[in-house]
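Quick notes on the structure that follows.
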Amino acid sequence: MQTCIDIADVRRVRDAWRAQGERVACVPTMGNLHAGHLDLVRHARAAAERVVVSIFVNPLQFGPQEDFQRYPRTEQADAEALRAAGVDVLFLPSVQVMYPRPLEATTRVEVPGISNDLCGAFRPALFRGVATVVARLFNIVQPTVAIFGEKDFQQLFIIRRMVEDLAFAVDIVGIPTVREPHGLALSSRNGYLDAAQRQQAGILYQTLTRLAQRLAGGARDYADMQARATEDLKSSGFRPDYVAIRRVSDLGQPRQNEVEELVILIAAWLDQTRLIDNLRVVPGAASK
Numbered sequence: 006m007q008t009c010i011d012i013a014d015v016r017r018v019r020d021a022w023r024a025q026g027e028r029v030a031c032v033p034t035m036g037n038l039h040a041g042h043l044d045l046v047r048h049a050r051a052a053a054e055r056v057v058v059s060i061f062v063n064p065l066q067f068g069p070q071e072d073f074q075r076y077p078r079t080e081q082a083d084a085e086a087l088r089a090a091g092v093d094v095l096f097l098p099s100v101q102v103m104y105p106r107p108l109e110a111t112t113r114v115e116v117p118g119i120s121n122d123l124c125g126a127f128r129p130a131l132f133r134g135v136a137t138v139v140a141r142l143f144n145i146v147q148p149t150v151a152i153f154g155e156k157d158f159q160q161l162f163i164i165r166r167m168v169e170d171l172a173f174a175v176d177i178v179g180i181p182t183v184r185e186p187h188g189l190a191l192s193s194r195n196g197y198l199d200a201a202q203r204q205q206a207g208i209l210y211q212t213l214t215r216l217a218q219r220l221a222g223g224a225r226d227y228a229d230m231q232a233r234a235t236e237d238l239k240s241s242g243f244r245p246d247y248v249a250i251r252r253v254s255d256l257g258q259p260r261q262n263e264v265e266e267l268v269i270l271i272a273a274w275l276d277q278t279r280l281i282d283n284l285r286v287v288p289g290a291a292s293k
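For reference, each letter of the sequence shown is one residue, going 6 to 293 in our numbering.
Laid out in structure tokens, this is it:
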């Protein structure tokens with residue numbers, strides 16, 4: 006595995022692959038890799054002859070009071086895991102490489118509307134920062150395909166919209182969430198939780214599955230279901246930002262008689278750790 010810290014080095018390798026007609030898969034990450042990330046790498050290996058994984062803790066997507074400074078950085082262990090997984094290039098840029106101008110003067114990319122909803126309503130910097138860094142990565146790596154996890158469902162939706170609107174020549178592939186045995190979605194921020202909190206955090210998935218069962222059974226009282234789930238989470242020691250039932254197709258709020266696939270999304274705090282999760286469901290599927 007080759008480690009590149011400069012844009013020119015990545016492009017030089019990418020040009021050599023292109024000359025040989027090889028497909029390139031890109032897996033953007035912020036590091037502190039876990040089994041979910043390595044599952045993305047496995048899918049990337051199946052999708053293309055070459056795999057580039059980026060590790061970059063992106064300052065543009067963190068708000069002033071968020072965890073940019075304490076976000077776990079484990080580059081050496083990450084590199085060893087990626088080498089064992091058969092990755093061809095690890096792109097490990099600095100902030101100065103990714104954003105050569107001061108951050109306040111850096112060009113931004115924004116997907117309007119949906120970026121201000123759900124997680125965007127609580128983390129205003131998040132999705133503009135995500136769209137900006139992913140657009141820059143795509144311009145640097147010029148991948149054939151990019152692999153993302155579905156745990157960050159809204160982020161995946163926004164990246165797909167950006168790729169469509171800006172005509173990037175890259176296929177976006179979403180991979181199902183990898184979970185711990187009790188249901189907790191794997192996340193780098195799970196490392197903030199102690200052992201008891203990790204078990205408690207499994208309640209998020211239990212809440213999702215109960216809602217999914219009700220929707221599959223034909224329930225349509227979305228507002229009441231969201232409100233009850235929110236109260237249940239509060240009673241279990243969480244501070245919910247939201248529980249939302251949305252259409253998969255556009256993340257809009259469903260109408261009572263709609264039959265298209267839905268997604269249930271949750272964001273909630275457990276002590277000082279913000280956790281997100283989601284689950285897709287076809288309304289009424291269990292009653293057919």
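C-beta atoms are modelled at their ideal positions from N, C-alpha and C, and glycine is treated no differently.
Cβ-Cβ separation, Leu-270 to Leu-123 (assumed contact under 8 Å), whole Å: Here residue 123 is taken as the residue at index 118 of the sequence shown, counted from 1. Here residue 270 is taken as the residue at index 265 of the sequence shown, counted from 1. With 8 Å as the limit, Leu-123 and Leu-270 qualify as a contact, their Cβ atoms being about 6 Å apart.
Leu-238, DSSP secondary structure in three states: Here residue 238 is taken as the residue at index 233 of the sequence shown, counted from 1. In the structure shown, Leu-238 sits in a helix (DSSP, three-state: H, G or I).
Straight-line gap, Trp-274 to Ile-163 (C-alpha atoms, nearest Å): On the sequence shown, position 269 is the one that residue 274 refers to. On the sequence shown, position 158 is the one that residue 163 refers to. Computed Cα separation, rounded: 23 Å.
Thr-34 - partner residues in DSSP beta bridges: What you label residue 34 is simply residue 29 of the sequence shown in a count that begins at 1. Note: Thr-34 sits in a beta bridge opposite Ile-60.
CA nearest to the CA of Gly-118, picked from Pro-245, Asp-255, Arg-215, Ala-228: As a position in the sequence shown, residue 118 is number 113, starting the count at 1. Measuring from the Cα of Gly-118, the nearest candidate turns out to be Asp-255.
8 Å CB neighbourhood of Val-73 in its chain, flanking five on each side removed: As a working mapping, residue 73 is identified with position 68 in the sequence shown. Note that residue 73 is Phe in the sequence shown here, rather than Val. The answer, listed in chain order, is Val-62, Pro-64, Phe-67.
For Leu-95, three-class secondary structure by DSSP: The residue labelled residue 95 in the question sits at position 90 within the sequence shown. Residue state, collapsed to three classes: strand.
Through-space distance from Ala-40 to Ala-221, alpha-carbon basis: As a working note, residue 221 is residue 216 in the sequence shown. As a working note, residue 40 is residue 35 in the sequence shown. Ala-221 and Ala-40: Cα-Cα distance of roughly 30 Å.
Tyr-247 in three-state terms, based on DSSP: What you label residue 247 is simply residue 242 of the sequence shown in a count that begins at 1. Secondary structure of Tyr-247 (DSSP, three-state): strand.
Residues near Ile-180 by beta carbon distance below 8 Å, same chain, minus five either side: Numbered from 1 along the sequence shown, position 175 holds the residue referred to as residue 180. The residues are Asp-44, Leu-45, His-48, Ile-152, Phe-153, Gly-154, Glu-155.
Spatial distance of Phe-96 from Arg-233 (CA atoms): Along the sequence shown, one-based indexing puts residue 96 at 91. Along the sequence shown, one-based indexing puts residue 233 at 228. If I take the Cα positions, the gap works out to 44 Å.
Test item: CB-CB of Glu-115 and Arg-133 under 8 Å: Residue numbering aside, residue 115 sits at position 110 when the sequence shown is read from its first letter. Residue numbering aside, residue 133 sits at position 128 when the sequence shown is read from its first letter. Going by C-beta atoms, Glu-115 is nearer than 8 Å to Arg-133.
Beta-carbon proximity of Thr-182 to Arg-28, cut-off 8 Å: Numbered from its first residue, the sequence shown carries residue 182 at position 177. Numbered from its first residue, the sequence shown carries residue 28 at position 23. The answer is no: Cβ separation not under 8 Å.
Span of the alpha helix (DSSP H), counted from its first residue to its last, around Thr-214: What you label residue 214 is simply residue 209 of the sequence shown in a count that begins at 1. 208-221 is the span of the alpha helix (DSSP H), which, as asked, contains Thr-214.
Residues near Arg-55 by beta carbon distance below 8 Å, same chain, minus five either side: If you number the sequence shown from 1, residue 55 lands on position 50. Excluding the 5 residues flanking it on each side, Arg-55 has same chain C-beta neighbours closer than 8 Å at Trp-22, Glu-27, Arg-28, Val-29, Ala-30, Asp-93, Val-94, in chain order.
Helix, strand or coil at Leu-142 [DSSP, three-state]: Position 137 of the sequence shown, counting from 1, holds the residue named residue 142. Residue state, collapsed to three classes: helix.
Same chain, Cβ closer than 8 Å to Ala-224, neighbours up to 5 away in sequence not counted: Taking the sequence shown and counting its residues from 1, the one referred to as residue 224 is at position 219. Contacts found: Met-230.
Close beta carbons around Ile-281, own chain, < 6 Å, minus the five adjacent residues each side: The residue labelled residue 281 in the question sits at position 276 within the sequence shown. Only Ala-272 meet the Cβ criterion.
Asp-44 in three-state terms, based on DSSP: By 1-based counting over the sequence shown, the position of residue 44 is 39. Helix.
Status (buried if at least 16 other CB within 10 Å, exposed otherwise) for Arg-135: Here residue 135 corresponds to residue number 130 of the sequence shown, with the count starting at 1. The question names Arg, but residue 135 is Val in the sequence shown. Buried, because 16 or more other Cβ atoms sit within 10 Å of the Cβ of Val-135.
Beta-carbon contacts of Arg-78 that lie in its chain and below 8 Å, excluding the five residues immediately before and after: Position 73 of the sequence shown, counted from the start, is the residue given in the question as residue 78. Only Gly-36, Asn-37, Val-62 meet the Cβ criterion.
Local conformation of Val-100 per DSSP, three classes: The residue labelled residue 100 in the question sits at position 95 within the sequence shown. Three-state result, Val-100: helix.
Expected contact under 8 Å - CB spacing of Leu-189 and Gly-207 to nearest Å: Working through the sequence shown from its first residue, we reach residue 189 at position 184. Working through the sequence shown from its first residue, we reach residue 207 at position 202. Sure, about 5 Å apart at Cβ, within 8 Å.
Terminal residues of the beta strand (DSSP E) in which Val-286 lies: If you number the sequence shown from 1, residue 286 lands on position 281. Note, Val-286: beta strand (DSSP E), 278-286.
Exposure label - Ser-240; buried when at least 16 CB within 10 Å: The residue you call residue 240 lines up with position 235 of the sequence shown. Burial call: exposed.
Val-178, enclosing beta strand (DSSP E) - first and last residue: By 1-based counting over the sequence shown, the position of residue 178 is 173. In the DSSP assignment, Val-178 falls within the unbroken beta strand (DSSP E) covering 176-180.
Contact with chain D by Glu-266, beta-carbon distance below 8 Å: Here there is only one protein chain, and chain D is not present.
Spatially closest choice to Glu-109 from Thr-137, Gln-261, Pro-186, by CA coordinates: Numbered from 1 along the sequence shown, position 104 holds the residue referred to as residue 109. For the residues Thr-137, Gln-261, Pro-186, the minimum Cα distance to Glu-109 belongs to Thr-137.
Residue nearest to Pro-69 in terms of C-alpha spacing, selected from Leu-131, Val-248, Gln-261: For the purposes of this step, residue 69 is taken as the residue at position 64 of the sequence shown. Pro-69 has its Cα closest to that of Leu-131, out of Leu-131, Val-248, Gln-261.
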